[in-house]
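A.B. asks: Be aware that the sequence shown starts at 5, since it is given in our numbering, and climbs by one per residue. Sending over a structure as structure tokens; questions will come in a sec.
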Amino acid sequence: MSASRRRFTQEFKDELCVEVISTSKPIREVAESYGVGSETLRNWLIKYREAHGGTETELTAPDGLSASVQAFGGEVVPEGQDSGA
5 MSASRRRFTQ EFKDELCVEV ISTSKPIREV AESYGVGSET LRNWLIKYRE AHGGTETELT
65 APDGLSASVQ AFGGEVVPEG QDSGA
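Structural data, given as structure tokens:
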């Protein structure tokens, strides 16, 4: 038998997205605390930012460190560090 898919309200999805954005917690941490897959939350976050005019300039790195994406070749540099350019 196949497992049934869980459905989440848009309000719940938005609440988790706001938590990730406002607290700078890693996506993985927020997802685990609510019992949601991290990739699922990542997809919700992309849609949330598109709908609310957010940008993709700040990402939450897999190891939980906040990082800024530099325009130079897509290089990821931890915040507070210079890309050397």
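Virtual Cβ for every residue (Gly too), placed ideally from N, Cα, C. These figures come from a predicted structure and were not determined experimentally.
Under three-state DSSP, which class holds residue 10?
C.D. replies: If DSSP states are grouped into helix, strand and coil, residue 10 belongs with coil.
A.B. asks: One question on the structure: do residue 45 and residue 22 come within less than 9 Å of each other, judged by their Cβ atoms?
C.D. replies: No, Cβ-Cβ distance for residue 45 and residue 22 is not below 9 Å.
A.B. asks: In angstroms with no decimal places, state the Cα-to-Cα distance between residue 41 and residue 35.
C.D. replies: In a straight line, the C-alpha of residue 41 is about 6 Å away from that of residue 35.
A.B. asks: Establish whether the CB of residue 42 and some CB of chain C are separated by less than 9 Å.
C.D. replies: Judged by its chain identifiers, the structure shown contains no chain C, having just a single protein chain.
A.B. asks: So, with DSSP's three-state summary, where would you put residue 22?
C.D. replies: Residue 22 falls in the helix class under three-state DSSP.
A.B. asks: My understanding is that residue 20 touches residue 38, with C-beta atoms under 8 Å, so please give their C-beta distance in whole angstroms.
C.D. replies: With 8 Å as the limit, residue 20 and residue 38 qualify as a contact, their Cβ atoms being about 6 Å apart.
A.B. asks: For the candidate residues 57, 17, 8, 7, whose alpha-carbon lies nearest to that of residue 43?
C.D. replies: Here the closest residue by C-alpha is 17.
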